[in-house]
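Chains as they are written, first to last, in my numbering: chain A, 2 to 177; chain B, 557 to 874.
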């Protein structure tokens with residue numbers, strides 16, 4: 002294996018790891034729960050934004066593993082049934098064939114993210130039903146999805162900014 | 557080394573598919589294993605809770621501040637009306653205060669005469685904690701508090717707010733503990749009505765108003781009844797305030813929790829020791845069946861044998 006190939010492998014691994022780190026940060030942000038009277042608002046679908054905006058140059062094999070880790074980690078953080086988010090995130094990543102958000106324009110990314118949210122919403126409902134034996138709180142889940150959608154442009158802007166800065170580095174230009 | 561008939565991109569694609577399939581299978585297995593029980597990855601959950609308690613402790617302060625802004629803005633808007641209401645409430649409650657003092661003296665006197673102790677189960681010692689994160693998600697309703705085994709918190713302890721019962725401890729880490737809220741799907745608390753002493757089980761349903769279930773047909777329940785913990789089963793102390801009886805859209809009895817709709821910041825953990833069964837706490841050297849009775853079980857003579865009327869009278873009294 003050549004040195005260049007080693008460097009490429011390391012680069013694609015770090016890209017995947019970057020996705021995990023951002024995902025974990027978003028998972029913690031998603032835990033914030035705001036109570037306005039009887040309405041509970043949280044951003045439970047925020048990690049979906051990171052899967053949607055997963056670094057495109059990341060190693061696919063490592064990305065799959067990190068997406069799985071992120072999902073299970075989020076399951077543990079939310080104290081919910083293990084596997085619901087893990088399986089949902091993994092299937093979303095496989096269906097989208099990696100993070101597609103960074104490969105498209107802003108408007109298209111917004112529409113695609115709505116589709117991703119709907120997919121994860123449906124999967125979380127079905128897996129939640131299977132795991133708990135009854136349907137999860139559909140209304141609460143929908144409010145969380147809508148709230149996460151409104152925060153998505155901010156995440157998109159930050160990730161784009163980060164990705165642009167990374168692209169301008171000489172190392173990434175040298176990649177084949 | 558490349559296999560015949562395959563080039564490297566194909567091999568990579570195959571490897572990716574294999575990994576994806578493997579991970580999907582692992583996730584599905586985890587989902588099946590964890591079905592209806594939260595026993596998987598216990599140590600992982602404890603470590604994550606401890607770390608989250610620290611991180612969310614920092615984040616919670618501004619978040620609670622934002623929540624308080626909304627609550628306080630609402631309170632300030634109604635400050636005049638609220639003042640009038642509270643003044644009237646104080647005037648209404650003053651006679652009750654005297655009545656309570658009177659009752660307290662009478663209960664003490666009766667206890668002294670009967671030589672019994674009917675004091676409350678509610679422990680005087682409390683552990684103060686901060687609720688750093690509340691998860692009101694679609695799958696679970698729980699909260700994370702920033703004290704754990706380091707302060708003597710143990711599984712099963714009741715957690716209270718200034719308004720009423722918040723939940724009970726289900727998982728304890730070194731510096732954190734997980735509270736299962738009353739409206740969580742897995743929450744089951746035995747409760748009673750203060751007015752009629754009727755018993756029921758408060759069953760969480762992941763909604764704001766948990767249901768009252770296992771109600772006997774002749775039980776006396778009314779809308780507006782105050783609900784407290786019954787202490788049955790010896791798991792929770794008796795008399796912890798919980799909420800008020802309401803009806804759902806399907807005309808079923810439910811409870812509007814005192815803690816619902818308010819930002820929760822500080823809580824108290826009640827270190828209540830559940831009542832142990834004789835099997836759990838045997839007398840040293842004596843099995844529970846062989847323990848010496850306080851009253852000897854000697855056979856009665858014909859003269860001492862109660863008549864049928866006496867027996868039925870005793871049963872009625874019981």
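For each residue, glycine too, the CB sits at the ideal point set by N, CA and C.
Taking the continuous alpha helix (DSSP H) assigned at residue i, which residues delimit it?
i                      : result
residue 55 of chain A  : Premise fails: residue 55 of chain A is in no alpha helix (DSSP H) and is neither H nor E.
residue 44 of chain A  : Where residue 44 of chain A is concerned, there is no enclosing alpha helix (DSSP H), given that its DSSP letter is neither H nor E.
residue 88 of chain A  : 85-96
residue 643 of chain B : 635-670
residue 571 of chain B : 564-589
Would you call the CB atoms of residue i and residue j closer than 7 Å?
i                      : j                      : result
residue 50 of chain A  : residue 144 of chain A : no
residue 716 of chain B : residue 824 of chain B : yes
residue 801 of chain B : residue 781 of chain B : yes
residue 721 of chain B : residue 809 of chain B : no
residue 131 of chain A : residue 88 of chain A  : no
residue 579 of chain B : residue 94 of chain A  : no
residue 587 of chain B : residue 84 of chain A  : yes
residue 799 of chain B : residue 793 of chain B : no
residue 24 of chain A  : residue 56 of chain A  : no
residue 688 of chain B : residue 613 of chain B : yes
Return the CA-CA distance between residue i and residue j, expressed in angstroms with no decimal places.
i                      : j                      : result
residue 767 of chain B : residue 76 of chain A  : 27 Å
residue 759 of chain B : residue 744 of chain B : 5 Å
residue 764 of chain B : residue 584 of chain B : 30 Å
residue 45 of chain A  : residue 149 of chain A : 7 Å
residue 163 of chain A : residue 784 of chain B : 54 Å
residue 830 of chain B : residue 105 of chain A : 60 Å
residue 42 of chain A  : residue 774 of chain B : 41 Å
residue 97 of chain A  : residue 53 of chain A  : 8 Å
residue 660 of chain B : residue 732 of chain B : 38 Å
residue 707 of chain B : residue 789 of chain B : 26 Å
residue 608 of chain B : residue 703 of chain B : 12 Å
residue 575 of chain B : residue 99 of chain A  : 14 Å
residue 124 of chain A : residue 92 of chain A  : 9 Å
residue 636 of chain B : residue 648 of chain B : 19 Å
residue 748 of chain B : residue 756 of chain B : 6 Å
residue 122 of chain A : residue 139 of chain A : 9 Å
residue 571 of chain B : residue 5 of chain A   : 22 Å
residue 61 of chain A  : residue 568 of chain B : 9 Å
residue 646 of chain B : residue 709 of chain B : 36 Å
Hey, quick one: how far does the beta strand (DSSP E) through residue i stretch, first residue to last?
i                      : result
residue 785 of chain B : 782-785
residue 690 of chain B : 683-692
residue 822 of chain B : 822-826
residue 797 of chain B : 797-803
residue 697 of chain B : 697-701
residue 714 of chain B : 714-716
residue 810 of chain B : 809-813
residue 769 of chain B : 767-769
So for residue i, helix, strand or coil by DSSP?
i                      : result
residue 739 of chain B : coil
residue 108 of chain A : helix
residue 734 of chain B : strand
residue 80 of chain A  : coil
residue 762 of chain B : coil
residue 729 of chain B : coil
residue 34 of chain A  : strand
residue 8 of chain A   : helix
residue 752 of chain B : coil
residue 680 of chain B : coil
residue 132 of chain A : helix
residue 746 of chain B : strand
residue 757 of chain B : strand
For this session: Answer yes if the stretch 663-674 of chain B comes into contact with the stretch 4-23 of chain A, meaning at least three C-beta pairs across the two stretches below 8 Å, and no otherwise.
Result: No contact exists between the stretch 4-23 of chain A and the stretch 663-674 of chain B.
For this session: Would you be able to state if there are at least three C-beta pairs under 8 Å between the stretch 62-81 of chain A and the stretch 106-123 of chain A?
Result: The stretch 106-123 of chain A and the stretch 62-81 of chain A do not touch, with fewer than 3 CB-CB distances between them shorter than 8 Å.
For this session: Please confirm if the stretch 76-92 of chain A is in contact with the stretch 692-712 of chain B, defined as three or more CB-CB distances below 8 Å between the two stretches.
Result: Judged by Cβ distances under 8 Å, the stretch 76-92 of chain A makes contact with the stretch 692-712 of chain B, as three or more pairs qualify.
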